[in-house]
Amino acid sequence: MATDGVIGERVTLQDMQVVGVRRTFTHATRGDIPTMWDEVLPELFALTDQACETFGICVESTTEGAFDYLVCIPASSINTKSAHGLEVLDVPSATYARFTHYGPVSELPTFIQWAWSSGVAAHGWEILHAGFGLEHYPTDWSPERGPTHILIPLR
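Here the sequence shown is numbered in this note's numbering, starting from 385 and rising by one per residue.
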């Protein structure tokens, strides 16, 4: 996976509310996240009659050595009354580093690791570890070409 020519940009995301499913993972089990997507997306897409963007969101876990991950869609895409049993998460407005991956989803874990370690550092930005880490999959996303936007919270 080549990261040459990848340009990060500093962006501000406005408040948004998402609806989805949350599960807890560790470094050892994070390879199970793609299976979670396969299980959860049909359930979420059944709640909307329109194409919508999707998000993968990392949040702090109450379990030591773990992180919680949500597969979700914007709450504005559905009738939230039909979201019974799903997690509703308010994502506050914040500043993020955004790096965009164009290519197969199989390269995404390596790209995410690069963005969090080298990408942010190359710009001299400081990560806000208490914030949400987001993966943004636009409505035109495809598993072969992306694009996937990696959003890393900044101070």
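The beta carbon of each residue, even a glycine, is placed where N, CA and C say it ideally should be.
| Query | Result |
| --- | --- |
| Nonlocal neighbours in the same chain, by C-beta distance under 7 Å from residue 496, ignoring five residues either side | 534 |
| Cβ distance (whole Å) where residue 405 is taken to contact residue 512 below 8 Å | Rounded, the Cβ-Cβ distance is 25 Å, inconsistent with contact. |
| Separation of residue 441 from residue 429, as counted between CA atoms | 17 Å |
| As assigned by DSSP and simplified to three states, the class of residue 516 | coil |
| Opening and closing residue of the beta strand (DSSP E) in which residue 401 lies | 400-410 |
| Contact set for residue 452: own chain, Cβ-Cβ below 6 Å, skip 5 residues either direction | 406, 408, 443 and 445 |
| Proximity test, residue 520 beta-carbon vs the ligand MG heavy atom, cut-off 6 Å | With respect to the ligand MG, the structure offers nothing, as it holds no ligand at all. |
| Residue 452 - partner residues in DSSP beta bridges | 408 and 443 |
| The segment 411-431 touching the segment 503-510, judged by at least three CB pairs closer than 8 Å | no |
| Residue from 486, 478, 539 and 538 with nearest C-alpha to residue 397 | 478 |
| Cβ shell of residue 531 (< 7 Å), same chain only, five flanking positions each side left out | 484, 485, 486, 522 and 525 |
| Nearest residue (CA-CA) to residue 454, options 462, 460 and 475 | 475 |
| Burial state of residue 438 (16 or more Cβ within 10 Å) | buried |
| Counted within 10 angstroms of its Cβ, other Cβ atoms place residue 391 as buried (16 or more) or exposed | exposed |
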